[in-house]
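**Q** End of the sequence shown sits at 81 in the numbering used here; the numbers just go up one at a time, nothing left out. Could you have a look at this structure, given as C-alpha cells, before my questions?
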Amino acid sequence: MTLLGFRGNTALTSLQQSQGPDQYLDIDAVTELVTTMMCEEAENPMRLLVRLVRDEGELFRVVTQKIQLIIT
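Encoded structure:
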C-alpha cells in the first residue's frame with residue numbers, strides 16, 4: 010500500500026469514528042479527502058484540477074481510483 014493509500018485509510022477511519030454506527034460517511038468530507046489526496050499527489054494541482062474539470066471521464070476515473078485507495 011502506498012503512503013497515499015495509508016493516509017487515506019487513516020483519514021477514512023477518523024471520519025468513520027466521528028459518526029455513529031451504521032451511518033454513511035458525509036459526502037462533503039469524502040469529497041474533501043479525495044480532492045486533498047489528488048492535489049498532494051499532483052506536481053501541479055491547479056493544472057490537474059483544470060484538466061479534470063474539462064474531461065468528465067478522466068475525473069470519474071481519478072476519483073474512483075482515489076476512493077478505492079481509501080477503502081482498501
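Yeah, the Cβ is synthetic: ideal placement off N, Cα and C, and Gly gets one too. On a predicted model such as this, the values are computed, not experimentally measured, just so you know.
Helix, strand or coil: which one does DSSP assign to residue 35?
**A** Reading the sequence shown from its first residue, position 26 is the one you call residue 35. If DSSP states are grouped into helix, strand and coil, residue 35 belongs with coil.
**Q** Buried or exposed: where does residue 36 fall if 16 or more other Cβ atoms within 10 Å of its Cβ makes it buried?
**A** Looking up residue 36 in the sequence shown gives position 27. Residue 36 is exposed by the Cβ-count criterion.
**Q** Determine whether the Cβ of residue 75 lies closer than 7 Å to any Cβ atom of chain B.
**A** Considering every chain present, this structure includes no chain B. It has just one protein chain.
**Q** Run through DSSP, which three-state label would residue 67 get?
**A** Mapped onto the sequence shown, residue 67 falls at position 58. Reduced to three states, the DSSP call for residue 67 is helix.
**Q** Using a 10 Å radius around the Cβ and a threshold of 16 neighbouring Cβ atoms, would you call residue 59 buried or exposed?
**A** As a working mapping, residue 59 is identified with position 50 in the sequence shown. That one is exposed.
**Q** Please check the pair residue 47 and residue 57, which I expect to be a contact at CB under 8 Å, by giving their CB distance rounded to whole angstroms.
**A** Position 38 of the sequence shown, counted from the start, is the residue given in the question as residue 47. Position 48 of the sequence shown, counted from the start, is the residue given in the question as residue 57. 6 Å between Cβ atoms; contact.
**Q** Under a three-way DSSP split, which group does residue 77 fall into?
**A** Position 68 of the sequence shown, counted from the start, is the residue given in the question as residue 77. The answer is helix: DSSP assigns residue 77 an H, G or I state.
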